[in-house]
Amino acid sequence: SKVSWFTVTVQPLSASAPRFQSEFRPLRGHCRESVGPSARDPTLCFQAVAEKRQPSSAPVINCLQAALHFSAPGPHRFPRRLPSLQSSKPSSQPAGPGQFRSGRSALVFFFFFKPRLVISGGPEHAPGSPLVERGRREGRRMVGWRVAVLCLWVSCGSAAGQLEYSVSEETERGVAVGNVAQDLRLSAAALSLRNFRFLSSHGEPYFEVDLASGSLVVREPADRERLCGDKAACVLTYELVLEDPLELHKMHVHVLDTNDNSPHFPAGDVQLHIPEFLMPGARFTLPNAQDADEGSNGVLSYSLSPSQHFRLDMGSRVDGSESPELVWEKALDREQRATHRLVLTARDGGLPARSEDAQVTVVVVDTNDNAPVFERSVYRTKVPETAPNGTVLFRVQASDPDEGSNGEIRYSLSNSTQAKLRHHFHVHPRNGEVRVAASLGPPEALLEAYIEARDEGAFGLASTAKLLVEVTDVNDHAPEVNLLTFSSPVSEDTAAGTVIALLSVRDEDLGPNDKVICSMSTGGPFKLKASFDNYYSLLTDGPLDREQVSEY
Numbered sequence: 006s007k008v009s010w011f012t013v014t015v016q017p018l019s020a021s022a023p024r025f026q027s028e029f030r031p032l033r034g035h036c037r038e039s040v041g042p043s044a045r046d047p048t049l050c051f052q053a054v055a056e057k058r059q060p061s062s063a064p065v066i067n068c069l070q071a072a073l074h075f076s077a078p079g080p081h082r083f084p085r086r087l088p089s090l091q092s093s094k095p096s097s098q099p100a101g102p103g104q105f106r107s108g109r110s111a112l113v114f115f116f117f118f119k120p121r122l123v124i125s126g127g128p129e130h131a132p133g134s135p136l137v138e139r140g141r142r143e144g145r146r147m148v149g150w151r152v153a154v155l156c157l158w159v160s161c162g163s164a165a166g167q168l169e170y171s172v173s174e175e176t177e178r179g180v181a182v183g184n185v186a187q188d189l190r191l192s193a194a195a196l197s198l199r200n201f202r203f204l205s206s207h208g209e210p211y212f213e214v215d216l217a218s219g220s221l222v223v224r225e226p227a228d229r230e231r232l233c234g235d236k237a238a239c240v241l242t243y244e245l246v247l248e249d250p251l252e253l254h255k256m257h258v259h260v261l262d263t264n265d266n267s268p269h270f271p272a273g274d275v276q277l278h279i280p281e282f283l284m285p286g287a288r289f290t291l292p293n294a295q296d297a298d299e300g301s302n303g304v305l306s307y308s309l310s311p312s313q314h315f316r317l318d319m320g321s322r323v324d325g326s327e328s329p330e331l332v333w334e335k336a337l338d339r340e341q342r343a344t345h346r347l348v349l350t351a352r353d354g355g356l357p358a359r360s361e362d363a364q365v366t367v368v369v370v371d372t373n374d375n376a377p378v379f380e381r382s383v384y385r386t387k388v389p390e391t392a393p394n395g396t397v398l399f400r401v402q403a404s405d406p407d408e409g410s411n412g413e414i415r416y417s418l419s420n421s422t423q424a425k426l427r428h429h430f431h432v433h434p435r436n437g438e439v440r441v442a443a444s445l446g447p448p449e450a451l452l453e454a455y456i457e458a459r460d461e462g463a464f465g466l467a468s469t470a471k472l473l474v475e476v477t478d479v480n481d482h483a484p485e486v487n488l489l490t491f492s493s494p495v496s497e498d499t500a501a502g503t504v505i506a507l508l509s510v511r512d513e514d515l516g517p518n519d520k521v522i523c524s525m526s527t528g529g530p531f532k533l534k535a536s537f538d539n540y541y542s543l544l545t546d547g548p549l550d551r552e553q554v555s556e557y
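Okay, structure coming up:
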């Protein structure tokens, strides 16, 4: 068989013992260059290379001479006394393996050194020397050896090779990924002749080998995110089997990520409630976006729609990861604007880039920073003096821009109202109706009261409005005539224009209702003459003749 390369690693069982490692590349060619004709003997070649490559003070290997007669017939052809070697294995595990590997064969060595082992490579260790023969006899008994060697030989044609391919996810069906036959140094026809089998450990065969061309082609498009989730590397492993002779090869297909997924916000749209009394500089955590793609195809950046009150910044979490944060830059007034609508955009680093938006709604939470305000500062009305109890005088109205209990208003008579007037009015606490609660009494110029509006916040704020009620007169009284003086009888020779009576007229009503007009029924030589303030004089208005009329 042909040896391409192999590595021998020697590791002492004790940590204090020296470590020896030697690598041999193309063995036969190297021997020809290094030791000349001795390369015909693999044993001598191995010994010569080891001695030439190592300093004289370092340990060299010559105890493998018999084992390395892999191509020469004779009593030392390996594996000789393999059961004895296995049975003499120490109880501790091997400290380090060395692997001989090629495309079609593999030789694995496990060396077990005891701490003070020193093997020299001088002339006394040449093949056929007494020292070497003695070592061979002791090796048969496996008693007293300071070095235990376990070699496993896998016959030519059954060794494992490994093929590596890569393909982008979602590659269409039928696309060739590589050529298995060429990479195995076989013709396409050899695949069928040697009963090629393609074994998959996955539920779905995403790839297949075209026996006519030897090409590895896509059978079903592979979704990297579904196959491997968030793993950094997505590798599908397959086994390739050939017969006559038996060969087993592993094949790894690396499924490469493509930017086929957009970022998305698992939490969807976001609503934040921010008290308006907070100071600028406050920060509020926003949700992270997720992207099933890996690397630069994953979420790369965030941005926020323009806003006078907010900006976007990246903050650090406890685990060291970053998350977007909303930073409050300018004071908010809920009464001016109660809701702010922003757009948070997550963008990945793919080409072309993919993005997704999330709506961020900022609800400004109210504080009781506004007192109720009446629609008018003074309410004025007139009411007749005869208005019954329960008569609605008017309805006051106040508003509070705060919300919730901070904006709910209760109405009442203010303590500023005179005590003697408080029982005349009733104020409904919710709708602000002011009603007559008791007789308003005789008409007066004006009744003055005060209405208070107070919100129901934790520290209720209040304002007042003035209430002016004018009680109007009702014409419910008849005039009264009072005779002040009267001269009777009157002489018939009394001259015309003589005052014979003085009277006054009075009305209990007020205003225009107390104006009185006096008149006298016709008959007789008399007349009324107004004097002042509803006073009248009764005068004679012609000659009197007792004989004709003696009484009027």
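Each residue of the sequence shown is one higher than the one before, starting from 6 at the first, in my numbering.
No residue lacks a Cβ here, since even glycine has one placed at the ideal position from N, Cα and C.
Secondary structure of V260 (DSSP, three-state): strand.
Close CB contacts of R385 within its chain, under the 7 Å cut and outside five residues either way in sequence, are with L473 (chain order). Collapsing the DSSP output to three states places V240 in a strand. Rounded to whole angstroms, the gap between the alpha carbons of D298 and A193 is 37 Å.
In this structure, S173 is the residue among A351, D249, R339 and S173 with its C-alpha nearest to the C-alpha of D265. Under the three-state reduction of DSSP, D298 is assigned to coil, being neither helix nor strand. In this chain, the alpha helix (DSSP H) harbouring E230 covers R229 to C233. Note that the C-beta distance between L337 and E281 is below 8 Å. Under the criterion of beta carbons closer than 8 Å, L543 and V504 qualify as touching, at roughly 7 Å.
Residues P292 of the same chain have their beta carbon placed closer than 6 Å to that of A272, with the five preceding and five following residues left out of the count. The C-alpha of F212 is placed about 16 Å away from the C-alpha of H254. Per DSSP, the beta bridge partners of H345 are V367. Distance from the CA atom of P484 to the CA atom of S526, rounded to whole angstroms, is 17 Å.
The straight-line gap separating the alpha-carbon atoms of L216 and D188 is approximately 14 Å. Distance from the CA atom of A535 to the CA atom of V432, rounded to whole angstroms, is 50 Å. Taking T176 as the centre and dropping the five residues before and after it, the same chain places the C-beta of V223 and P226 closer than 7 Å to its C-beta, in chain order. A500 is not a Cβ neighbour of V441, given a cutoff of 8 Å. Closest by C-alpha distance to T477, out of E461, P448 and S468, is P448.
A contact between stretches requires three or more CB pairs, one per stretch, nearer than 8 Å, and the stretch 297 to 314 meets this requirement with the stretch 339 to 349. 8 Å or more divides the Cβ of L204 from the Cβ of V214. The beta carbon of P406 lies closer than 6 Å to those of E340 and N375 in the same chain, with the five residues before and after it left out.
V180 sits in coil when the DSSP states are folded into three classes, being neither helix nor strand.
Around the beta carbon of V323, a 10 Å sphere encloses fewer than 16 other beta carbons of the protein chains shown; the residue is thus reported as exposed. Per DSSP, the continuous beta strand (DSSP E) segment holding R440 begins and ends at E438 to V441. Under DSSP, M284 forms no beta bridge with any residue. An exposed status is given to N436, since fewer than 16 other beta-carbon atoms sit within 10 Å of its beta-carbon.
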